[in-house]
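Structure first, commentary second.
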Amino acid sequence: MIFTEAPDLELLAEKLISDAFYFRDEPSFKTLTAVLETTSEVAKYLKEREEALQWSSRQLCR
Numbered sequence: 015m016i017f018t019e020a021p022d023l024e025l026l027a028e029k030l031i032s033d034a035f036y037f038r039d040e041p042s043f044k045t046l047t048a049v050l051e052t053t054s055e056v057a058k059y060l061k062e063r064e065e066a067l068q069w070s071s072r073q074l075c076r
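Using the working numbering, read the sequence shown as starting at 15 and increasing by one per residue.
What follows is the structure in structure tokens.
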């Protein structure tokens, strides 16, 4: 599945950094969950971008 509207990767990275500092300052299940959810969003976006690039590459090599 490809994002129809891709999230802003820079904003996701900033959110991840913010969440990580929040977890550092206030370690709890809630703050850890926030870090993991944002990490999951970034990973999903990067995986979908990789798949799209591989598809494009295969189309160009035909």
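C-beta: ideal position from N, C-alpha, C; glycine also.
It should be emphasised that the depicted structure is a prediction, and the values quoted were computed from it without experimental measurement.
In the three-state scheme derived from DSSP, where H, G and I count as helix and E and B as strand, R76 is classed as coil. Taking 8 angstroms as the cut-off, the beta carbon of E64 is found no closer than this to the beta carbon of P21. By the 16-neighbour rule on beta-carbons within 10 angstroms, D33 is buried. Counting only the Cα atoms, L50 lies some 9 angstroms from L30. Around the CB of T47, fewer than 16 other CB atoms lie within 10 Å, so the residue is classed as exposed.
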